[in-house]
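Please read the structure below before turning to the comments.
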Ligand SMILES: [Zn+2]
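In our numbering, the protein residues as written are 778 to 1178.
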């Protein structure tokens, strides 16, 4: 079995681990039974995940104060709490034109965060150097020593082959294609590094901490300068055989359309990614129109901007309708830069979905905007670290001292 395949089999456990951590984080103190109730996981799954977290020194247990043997004479419930301070995680999110770094505790609560604009045509080495630099600065802001970091997660806007961690050819950052990104960042930071696709990380974050907390089957759609989907099926992140699952931006929607960066014609990205929308508006709205300004104008009532965003939603909805028919998810969560347009975008998607999807599948799928906004990817990167940290934490002794 190739390593990537083994990884995807384990991802169910990882997401469940994050859900248990979230319950512990939200409640402060909670019993195993209540974790099972909150997460919908079985008692035995919860017990086994808690045992792992205890073995890692992340969960502390104590009997509920004052409730020693109750009227029924049963055992007092044992309350668990999460020791989020047992280490720190680093998240690195490479966007099309930005770099974001966050440092969190082990419950993915962000302690410090920095962003920096990124030249779209930067080469990977340049990007990695800048990331390493920004990590050092953000750790200093957070007052966290390098020895306390259990790992770093990195999100990249392109397909990632989990086996070798190689960035695939439809990546939106051309300078990164073919790069073994995890190994390169590991060299610079000297901590374990995990890499995943940006849409997958958005899906993971929304499922663990955001709008999809109760969903076992969800699709996260990231609409920015590229378009991609993160699929959580049966509680697992589904990556496909080579990390290409969810490359929705390259579904053909217009056979006579313009040529896409992938070499095909009329891909969804050529009509609904943010660059395509801004291009449509340049003649009427000026050469220096930005995505943020377009969304702001649309919300203020500008007819042209509203039109362009609504049309993008309808084009997205066509493709999404097929996904809903094929996968029958509970939720479709829309994220990325264009999600800031809210219902101006979502209503367009809903309109096409209502027309093109099976009525039962579209009724069964809740269509919402993500709640984590531009932090979704970096939170997913942080969650990736914590969910992978099943191994002994090498830094615990250093931290305890
Ligand atoms: Zn394409």
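Ideal placement from N, C-alpha and C gives every residue a C-beta, glycine not left out.
All of these numbers come straight from a predicted model, not from anything done at the bench.
Beta-carbon proximity list for residue i, same chain, < 6 Å, skipping 5 on both sides
i            : result
residue 1102 : 1134, 1135, 1138
residue 1074 : 1082
residue 867  : 880, 912, 926, 929
residue 795  : 985, 1160, 1164
residue 918  : 889
residue 838  : 855, 857
residue 961  : 905
residue 988  : 1110, 1145, 1147, 1148
residue 1093 : 1049, 1126
residue 959  : 942, 970, 972
residue 1042 : 1034, 1036
residue 903  : none
Close beta carbons around residue i, own chain, < 7 Å, minus the five adjacent residues each side
i            : result
residue 882  : 861, 862, 865, 888
residue 1024 : 936, 947, 1005
residue 1106 : 994, 995, 996, 1142
residue 949  : 873, 934, 935, 1002, 1003
residue 1064 : none
residue 1056 : none
Where the alpha helix (DSSP H) containing residue i begins and where it ends
i            : result
residue 1060 : 1051-1062
residue 828  : 820-832
residue 811  : 809-816
Contacts around residue i, its chain only, beta-carbon distance under 8 Å, and the 5 residues preceding and following it disregarded
i            : result
residue 847  : Any reading at residue 847 must be qualified, since the residue scores a pLDDT of 49, below 50, and its modelled position is unreliable; the value itself is stated next. Correct list, in chain order: 853.
residue 1124 : 1087, 1090
residue 790  : 826
residue 1017 : 1023
residue 718  : This structure cannot settle anything about residue 718, because the visible part of the chain is limited to 778 through 1178.
residue 1044 : 1026, 1027, 1028, 1029, 1030, 1034, 1037
Sheet register partners of residue i (DSSP bridge)
i            : result
residue 1044 : 1029
residue 838  : 857
residue 944  : 937
residue 1009 : 995, 1014
Where the beta strand (DSSP E) through residue i begins and ends
i            : result
residue 1249 : The structure shown does not extend to residue 1249, since the chain is modelled only from 778 to 1178, so the question has no answer here.
residue 1013 : 1013-1015
Any non-hydrogen atom of ligand 2 within 7 Å of residue i CB
i            : result
residue 1082 : This structure lacks ligand 2; its bound ligands are ligand 1.
| field | Complete alpha helix (DSSP H) runs within the region 1068-1153 (minimum length 4 residues, chain order) | value | 1068-1076, 1080-1104, 1120-1133, 1136-1141
| field | Those runs of the alpha helix (DSSP H) which lie wholly inside the region 949-1003 and span at least 4 residues | value | 958-966, 975-986
| task | May I have a chain-ordered list of the beta strand (DSSP E) segments no shorter than 3 residues that lie completely inside the region 855-936? | result | 855-859, 865-871, 875-882, 887-894, 926-933
| query | Three or more C-beta pairs closer than 8 Å, one from the region 909-928 and one from the region 966-984: is that the case here? | reply | With the rule of 3 Cβ pairs closer than 8 Å, the region 909-928 counts as touching the region 966-984.
| message | For the pair the region 1108-1123 and the region 941-956, tell me if three or more CB-CB distances fall below 8 Å. | response | no
| Contact the region 868-877 vs the region 892-912: 3+ CB pairs below 8 Å | yes
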